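Numbered per UniProt numbering, the sequence shown finishes at 198, counting up by one with no gaps.
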Amino acid sequence: MKQLVIATKNAGKVTEFREMFSKYQISVKSLLDFDQRIDDIAENGVTFEENATIKAEAIAAKFEIPVVADDSGLEIDALDGAPGIYSARYAGEDKNDQKNLEKALRELDGVPDEQRTARFVCAVAVARPGRNTFTVRGTCEGTIARQPKGEGGFGYDPIFVPLHSDRTMAEHTSEEKNSISHRKHAILEIEKWLQDLT
1 MKQLVIATKN AGKVTEFREM FSKYQISVKS LLDFDQRIDD IAENGVTFEE
51 NATIKAEAIA AKFEIPVVAD DSGLEIDALD GAPGIYSARY AGEDKNDQKN
101 LEKALRELDG VPDEQRTARF VCAVAVARPG RNTFTVRGTC EGTIARQPKG
151 EGGFGYDPIF VPLHSDRTMA EHTSEEKNSI SHRKHAILEI EKWLQDLT
(Lines of atoms letter the chains of each structure in order from A and count residues from 1; the text may use other names and numbers.)
(Lines give C-alpha, C1' and ligand atoms only; values in the text may rest on other atoms or scores of the structure.)
Protein backbone atom coordinates (compact mmCIF):
# COMPACT_ATOMS: atom_id res chain seq x y z
CA MET A 1 0.00 0.00 0.00
CA LYS A 2 1.19 3.53 -0.79
CA GLN A 3 2.34 5.53 2.21
CA LEU A 4 2.72 9.14 3.14
CA VAL A 5 3.05 11.24 6.27
CA ILE A 6 0.64 13.96 7.31
CA ALA A 7 2.71 16.57 9.11
CA THR A 8 0.33 17.30 11.98
CA LYS A 9 -0.27 16.41 15.62
CA ASN A 10 -3.89 17.56 15.40
CA ALA A 11 -5.99 14.43 15.92
CA GLY A 12 -9.03 16.00 14.26
CA LYS A 13 -7.09 16.76 11.10
CA VAL A 14 -5.56 13.28 11.10
CA THR A 15 -9.02 11.69 11.17
CA GLU A 16 -10.24 13.87 8.30
CA PHE A 17 -7.16 13.19 6.16
CA ARG A 18 -7.37 9.44 6.80
CA GLU A 19 -10.99 9.36 5.72
CA MET A 20 -10.27 11.39 2.59
CA PHE A 21 -7.19 9.39 1.59
CA SER A 22 -8.79 5.98 2.14
CA LYS A 23 -10.30 5.96 -1.37
CA TYR A 24 -6.79 6.21 -2.84
CA GLN A 25 -5.56 3.11 -0.94
CA ILE A 26 -2.99 5.24 0.85
CA SER A 27 -1.71 4.39 4.33
CA VAL A 28 -1.44 7.60 6.32
CA LYS A 29 0.90 8.22 9.22
CA SER A 30 0.81 11.36 11.31
CA LEU A 31 3.38 12.87 13.63
CA LEU A 32 1.45 11.18 16.45
CA ASP A 33 2.45 7.75 15.08
CA PHE A 34 6.22 8.02 15.51
CA ASP A 35 7.97 6.72 18.60
CA GLN A 36 10.63 9.40 18.50
CA ARG A 37 9.79 12.87 19.75
CA ILE A 38 9.17 15.37 16.97
CA ASP A 39 9.50 18.97 18.11
CA ASP A 40 7.00 21.53 16.92
CA ILE A 41 8.10 23.21 13.73
CA ALA A 42 8.19 27.01 13.81
CA GLU A 43 5.52 28.20 11.42
CA ASN A 44 6.92 31.64 10.68
CA GLY A 45 5.54 32.14 7.19
CA VAL A 46 3.18 34.97 6.34
CA THR A 47 0.74 32.89 4.27
CA PHE A 48 -1.01 29.54 4.68
CA GLU A 49 1.07 28.23 1.75
CA GLU A 50 4.39 29.24 3.32
CA ASN A 51 3.54 27.61 6.65
CA ALA A 52 2.39 24.39 4.98
CA THR A 53 5.60 24.27 2.93
CA ILE A 54 7.81 24.81 5.99
CA LYS A 55 6.17 21.86 7.79
CA ALA A 56 6.12 19.54 4.79
CA GLU A 57 9.76 20.09 3.83
CA ALA A 58 11.03 19.72 7.41
CA ILE A 59 9.32 16.35 7.89
CA ALA A 60 10.18 15.09 4.38
CA ALA A 61 13.85 15.84 5.06
CA LYS A 62 13.68 14.02 8.40
CA PHE A 63 12.03 10.80 7.21
CA GLU A 64 12.77 10.78 3.45
CA ILE A 65 9.18 9.93 2.57
CA PRO A 66 6.46 11.93 0.78
CA VAL A 67 4.82 14.35 3.20
CA VAL A 68 1.57 16.26 3.03
CA ALA A 69 1.22 19.25 5.34
CA ASP A 70 -1.60 21.68 5.59
CA ASP A 71 -1.99 25.07 7.14
CA SER A 72 -5.57 26.05 7.55
CA GLY A 73 -7.66 28.63 9.28
CA LEU A 74 -10.64 30.92 9.27
CA GLU A 75 -10.82 34.25 7.46
CA ILE A 76 -13.60 36.57 8.65
CA ASP A 77 -14.28 39.46 6.29
CA ALA A 78 -15.56 41.86 8.96
CA LEU A 79 -12.29 41.33 10.87
CA ASP A 80 -10.13 42.11 7.82
CA GLY A 81 -9.36 38.43 7.32
CA ALA A 82 -8.56 37.63 10.96
CA PRO A 83 -7.79 35.26 12.55
CA GLY A 84 -6.23 33.95 9.31
CA ILE A 85 -2.87 32.24 9.76
CA TYR A 86 -3.17 32.86 13.51
CA SER A 87 -6.41 30.84 13.81
CA ALA A 88 -4.99 28.16 16.12
CA ARG A 89 -3.54 30.74 18.54
CA TYR A 90 -6.12 33.50 18.17
CA ALA A 91 -6.87 33.64 21.89
CA GLY A 92 -3.38 32.68 23.10
CA GLU A 93 -0.47 30.33 22.67
CA ASP A 94 -2.22 27.38 24.33
CA LYS A 95 -4.25 26.68 21.11
CA ASN A 96 -7.60 26.47 22.90
CA ASP A 97 -10.44 25.89 20.41
CA GLN A 98 -13.16 27.11 22.78
CA LYS A 99 -11.35 30.33 23.68
CA ASN A 100 -10.57 30.98 20.00
CA LEU A 101 -14.16 30.79 18.85
CA GLU A 102 -15.36 32.78 21.86
CA LYS A 103 -12.93 35.55 20.94
CA ALA A 104 -14.13 35.52 17.33
CA LEU A 105 -17.74 35.88 18.50
CA ARG A 106 -16.80 38.75 20.83
CA GLU A 107 -15.00 40.53 18.00
CA LEU A 108 -18.15 40.19 15.86
CA ASP A 109 -20.52 41.45 18.54
CA GLY A 110 -22.93 43.88 16.88
CA VAL A 111 -21.95 42.92 13.33
CA PRO A 112 -25.15 42.28 11.30
CA ASP A 113 -25.76 38.87 9.75
CA GLU A 114 -25.13 40.00 6.17
CA GLN A 115 -21.63 41.19 7.14
CA ARG A 116 -20.60 37.99 8.94
CA THR A 117 -19.20 36.33 5.80
CA ALA A 118 -16.16 34.12 6.22
CA ARG A 119 -14.31 31.19 4.74
CA PHE A 120 -12.24 28.28 5.87
CA VAL A 121 -8.94 28.16 3.98
CA CYS A 122 -6.68 25.13 3.60
CA ALA A 123 -3.31 25.28 1.89
CA VAL A 124 -1.76 21.85 1.31
CA ALA A 125 1.93 21.41 0.56
CA VAL A 126 3.32 18.20 -0.90
CA ALA A 127 7.03 17.63 -0.25
CA ARG A 128 8.92 14.71 -1.79
CA PRO A 129 12.59 13.85 -1.29
CA GLY A 130 14.61 15.25 -4.20
CA ARG A 131 11.60 16.92 -5.83
CA ASN A 132 10.15 20.41 -5.82
CA THR A 133 7.44 21.07 -3.26
CA PHE A 134 4.10 22.21 -4.60
CA THR A 135 1.07 23.74 -2.91
CA VAL A 136 -2.65 23.91 -3.57
CA ARG A 137 -5.45 25.81 -1.86
CA GLY A 138 -9.04 24.89 -1.01
CA THR A 139 -11.73 27.08 0.52
CA CYS A 140 -15.20 26.67 1.99
CA GLU A 141 -17.34 29.81 2.00
CA GLY A 142 -19.90 30.55 4.69
CA THR A 143 -20.95 32.83 7.53
CA ILE A 144 -20.33 33.07 11.27
CA ALA A 145 -23.22 32.09 13.52
CA ARG A 146 -24.32 34.08 16.55
CA GLN A 147 -23.53 31.25 18.95
CA PRO A 148 -21.84 27.83 18.86
CA LYS A 149 -23.95 24.85 17.85
CA GLY A 150 -23.15 21.18 17.34
CA GLU A 151 -20.87 18.59 18.88
CA GLY A 152 -18.92 17.42 15.82
CA GLY A 153 -15.74 18.64 14.18
CA PHE A 154 -13.14 20.79 15.89
CA GLY A 155 -11.73 24.31 15.87
CA TYR A 156 -14.20 26.90 14.62
CA ASP A 157 -16.68 24.31 13.27
CA PRO A 158 -19.38 25.13 15.90
CA ILE A 159 -19.70 28.75 14.67
CA PHE A 160 -19.16 28.32 10.91
CA VAL A 161 -22.23 27.87 8.72
CA PRO A 162 -21.30 26.70 5.19
CA LEU A 163 -22.93 28.34 2.18
CA HIS A 164 -26.30 26.78 1.24
CA SER A 165 -26.70 25.30 4.73
CA ASP A 166 -28.58 26.32 7.87
CA ARG A 167 -26.40 24.19 10.15
CA THR A 168 -22.94 24.83 11.52
CA MET A 169 -20.10 22.64 10.37
CA ALA A 170 -20.19 20.99 13.81
CA GLU A 171 -23.80 19.94 13.17
CA HIS A 172 -22.82 18.10 9.99
CA THR A 173 -21.83 14.43 10.00
CA SER A 174 -18.19 13.72 9.22
CA GLU A 175 -19.26 12.45 5.79
CA GLU A 176 -21.18 15.66 5.07
CA LYS A 177 -18.33 17.82 6.31
CA ASN A 178 -15.71 15.94 4.32
CA SER A 179 -17.75 16.39 1.12
CA ILE A 180 -17.73 20.21 1.33
CA SER A 181 -14.77 21.19 3.49
CA HIS A 182 -11.84 23.40 2.54
CA ARG A 183 -9.58 20.39 3.16
CA LYS A 184 -11.60 18.28 0.73
CA HIS A 185 -11.34 20.96 -1.95
CA ALA A 186 -7.58 21.12 -1.49
CA ILE A 187 -7.29 17.32 -1.66
CA LEU A 188 -9.19 17.32 -4.95
CA GLU A 189 -6.51 19.66 -6.31
CA ILE A 190 -3.84 17.00 -5.71
CA GLU A 191 -6.00 14.02 -6.67
CA LYS A 192 -3.98 13.08 -9.75
CA TRP A 193 -0.77 13.11 -7.72
CA LEU A 194 -2.40 10.92 -5.07
CA GLN A 195 -3.51 8.42 -7.70
CA ASP A 196 0.02 8.30 -9.16
CA LEU A 197 1.82 8.31 -5.80
CA THR A 198 4.77 5.92 -5.70
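Heads up, the beta-carbon is just placed ideally off N, CA and C, and yes, glycines get one too. All values reported here derive from a predicted model rather than from experimental measurement.
* To do: Rounded to whole angstroms, what's the CA-CA distance from D80 to F154? Just pull it up for me.
  => 23 Å
* Taking C-alpha atoms, which residue in E176, K99 and S30 lies nearest to N10? -> S30
* To do: Using alpha carbons as the reference points, say which of G150, M20, G152 and A69 lies closest to I41.
  => A69
* F34 in three-state terms, based on DSSP -> coil
* Three-state secondary structure (DSSP) at S165? -> coil
* Asked: Cα separation between E191 and G150?
  -> 30 Å
* Asked: Looking only at its own chain, which residues have a Cβ that is under 6 Å from the Cβ of T117, when we skip the five neighbours before and after it?
  -> D77 and T143
* To do: Identify which residue in Q147, I65, D109 and G138 has its Cα closest to the Cα of A7.
  => I65
* Helix, strand or coil: how does DSSP classify V14 here? -> helix
* Buried versus exposed call for L32 [16 or more other C-beta atoms within 10 Å across all chains shown] -> exposed
* Own chain partners of P162 with C-beta closer than 7 Å, once the 5 adjacent residues on each side are dropped -> C140, G142, M169 and I180
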